[in-house]
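Residues in the sequence shown are numbered consecutively from 511, following the numbering used here.
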Amino acid sequence: MTNLKPGQSRFLAVALLVVVTLLLIRILLVPLWVSWSDYAARIDALENRLAVYERLAEGLPEAKARLAALQANQPSDDWYLAQATPALAAAGLQQLLHRQVGIGGAQVISTQILNRDDDSPLQPVSIQVHLRGELNDLVDLLYNIESGRPVLFVDNLRVLANPRRQISARVRNQRDRAAAIPALDVRFDLIGYTGQEVSQ
Numbered sequence: 511m512t513n514l515k516p517g518q519s520r521f522l523a524v525a526l527l528v529v530v531t532l533l534l535i536r537i538l539l540v541p542l543w544v545s546w547s548d549y550a551a552r553i554d555a556l557e558n559r560l561a562v563y564e565r566l567a568e569g570l571p572e573a574k575a576r577l578a579a580l581q582a583n584q585p586s587d588d589w590y591l592a593q594a595t596p597a598l599a600a601a602g603l604q605q606l607l608h609r610q611v612g613i614g615g616a617q618v619i620s621t622q623i624l625n626r627d628d629d630s631p632l633q634p635v636s637i638q639v640h641l642r643g644e645l646n647d648l649v650d651l652l653y654n655i656e657s658g659r660p661v662l663f664v665d666n667l668r669v670l671a672n673p674r675r676q677i678s679a680r681v682r683n684q685r686d687r688a689a690a691i692p693a694l695d696v697r698f699d700l701i702g703y704t705g706q707e708v709s710q
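Structural data, given as structure tokens:
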């Protein structure tokens, strides 16, 4: 290295200075510039999100007023079972069923409270119903249940011919007794909802 001429030595010194400068730029300034551009992109995204939230916040009073008007025109309180706890709501559902069945000529054989695991945000209340009646009684009952208030649903409906009504063709005096026995044996689940949300 000592045998270099002064011109070559200067050229080598300048080249070395350029290489060191480029290395410093690459090691220090490029990562800094990349992080600044990432921060700029994140700031733009957050500013866009803020603008969306501000637009939503501006429309919030109007949306609340519209919701209140809709609730005033169509109150939803009568859509749900009135009782606060699931046990009381199930008892109220049984009473409602007995009232509806009492209007027609059907006969409730049994009811049983069911535990129902729905993915609904509201608390479901379900009872299993076993009754006997005629076809027109069943049609009227199902119509009254599903079209009335509170909103109720019938699930797992099973309708069978009542085996006790089978009449022997040889015995005529049993026909009168068999006419008093309802023709259909009906089982279904009756489901309603309380207005309270399920605690998660």
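Where a beta carbon is used, it is the ideal one built from N, C-alpha and C, also for glycine.
Computed from a predicted model, the values in this text were never measured in an experiment.
Rounded to the nearest whole angstrom, the CA to CA distance from D554 to E564 is 15 Å. Note on geometry: alpha-carbon atoms of L533 and F521 lie some 18 Å from one another.
For S545, the enclosing alpha helix (DSSP H) has its first and last residue at 540-583. Pairwise C-beta distances place the region 568-587 out of contact with the region 606-621, as fewer than three of them are shorter than 8 Å. Classified as buried, T704 has 16 or more neighbouring CB atoms from the shown chains inside 10 Å of its CB. Within its own chain, the residues whose Cβ lies closer than 8 Å to the Cβ of L591, once the five positions on either side in sequence are excluded, are A599, G602, L603, V635, P660, G702, Y703, T704, G705, listed in chain order.
Distance from the CA of L560 to the CA of D629, rounded to the nearest whole angstrom, comes to 33 Å.
For the pair G643 and L694, the CB atoms are nearer than the 9 Å cut-off. Burial check for V639: the Cβ neighbour count within 10 Å reaches 16 or more, so the residue is buried. As for any alpha helix (DSSP H) of minimum length 4 sitting wholly inside the region 593-622, the runs are 596-613, ordered along the chain. Here the alpha carbons of V530 and N513 stand approximately 23 Å from one another. If the five residues before and after L645 are omitted, its C-beta is found closer than 8 Å to the C-beta atoms of A693, L694, all from its own chain and listed in chain order. Pairing L641 with V696 gives a Cβ-Cβ distance under 9 Å. In the DSSP annotation of this structure, A671 is not part of any alpha helix (DSSP H); the continuous beta strand (DSSP E) holding it starts and ends at 663-671.
Secondary structure at Y590: coil, using DSSP grouped into helix, strand and coil.
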